[in-house]
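The sequence shown begins at 1002 in our numbering and counts up one residue at a time.
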Amino acid sequence: MGFHTTMMSVAGVFGSKLLKREALAPETADHVVDQLIAERTTHLSQTFIWPVAKPLLYRYFHYRQAVAMADEVAAMSGWDAFTYISELLSLEVSSTGLDNIPKKGGFILAPTHPTGIADGIAVFDLLKEIRPDMAFFANRDALRVNPQFRELVIPVEWRAGEKSHAKSRDTLAMTAKAFNEERAVVLFPSGRIAYWNEDKLTERPWQPSVVALARRYEVPVIPMNITARNSGLFYLLSKYSNELRDMTLFHELLNKKGRAISMIIGRPIPHETLQDGEPSELAERLQEHAVHALAKDRDAVFKP
């Protein structure tokens, strides 16, 4: 099944006058949710089937709820916005190894990334009582929804065409500030959601930035294994269209309501352990440690 075949299958359920009216209805093109969708569907929106498929996709993937949530959090403080989403999801977060989280001092928490935004909310739930000074490396798009997310977010620009020296300087300045203030810095080293491969969830390669930051700011890395998954639809769409997959991200956030997410927090890895060797190779070993070693033994010792 190819991309256009997939789109034809989606469109095949259409035909009602209601959906045709929705396809021709005026859009709130200036809303940040519409902007985010447009940026993620540059190819899909040019296909002949888009005017017909769009209403169904918007309806199924909770477009109206996304707009409502964005409007709700837009004027909140960063902390209140995180809390609002946390209470909305009411995740059942369980953990082992919580004693490995330092009560004070800077560190990098390096979790696996199985689902997307829900992973960050689960980490927020875990840390909010013991390390409320947390800071997340996250997509700069969060600041477009609410600039006050800056209280907890170190923004990273993902759009190649939107990167600039000013944004890079902003990211570097906020990074330095977070580490100088000895905050609990959360970095998902893969930077991307895990994918389904050979009947199992597979973590994407960890980037060497986790090693580079530990070296530069002389802080320990605390590995974390998160157990959770997205829907079968997410993994199915991932095979055929990244754009269709990305349209499901809000749907995948909302369908986590009340779900269980478990975490294994490993022993802190001193920055001295990461000083020698190629950062890319050390990042690969950190990933192996977080994904496999911790799953077998929460007290596993990292071997560089």
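Note that the Cβ used here is the ideal one computed from N, Cα and C, for glycine as well.
Sequence-distant partners of residue 1132 (beyond 5 residues in either direction) whose C-beta falls short of 7 angstroms from its own C-beta, in its chain, are 1102, 1185.
In the three-state reduction of the DSSP assignment, residue 1040 falls in the helix class.
Within the region 1137–1165, the alpha helix (DSSP H) runs of at least 4 residues that lie entirely inside it are, in chain order, 1142–1146.
Check the Cα spacing between residue 1069 and each of 1097, 1035, 1093, 1234: the tightest is with 1035. As a beta-bridge residue in DSSP terms, residue 1093 pairs with 1261.
One thing to note: residue 1180 has its Cβ within 9 angstroms of the Cβ of residue 1214. When the Cα atoms are used, residue 1134 and residue 1187 turn out to be separated by approximately 11 angstroms.
Residue 1238 has its alpha-carbon roughly 23 angstroms from the corresponding atom of residue 1207. For residue 1248, the three-state secondary structure derived from DSSP is helix. According to the DSSP assignment, residue 1213 belongs to the alpha helix (DSSP H) that extends over 1210–1218.
By the Cβ neighbour-count rule, residue 1049 is exposed, with fewer than 16 other Cβ atoms within 10 Å of its own.
With fewer than 16 other Cβ atoms from the protein chains shown falling within 10 Å of its own Cβ, residue 1174 counts as exposed. Burial is judged here by how many other beta carbons sit within 10 angstroms of a residue's own beta carbon; residue 1117 has at least 16 and is buried. With contacts defined by Cβ atoms closer than 9 angstroms, residue 1042 and residue 1248 form a contacting pair. About 7 angstroms separates the Cβ atoms of residue 1242 and residue 1045, confirming a contact at the 8 angstroms cut-off. With respect to the 9 angstroms criterion, residue 1254 and residue 1119 are classified as neighbours on the basis of their beta carbons. Taking a contact as a CB-CB distance under 8 angstroms, the pair residue 1080 and residue 1128 does not count as one, their CB atoms being some 12 angstroms apart. Annotated three-state conformation of residue 1071 is helix, per DSSP. Here residue 1189 carries a coil assignment [DSSP, helix/strand/coil]. Closest option to residue 1198, judged by alpha-carbon separation, among 1295, 1271, 1236: 1236.
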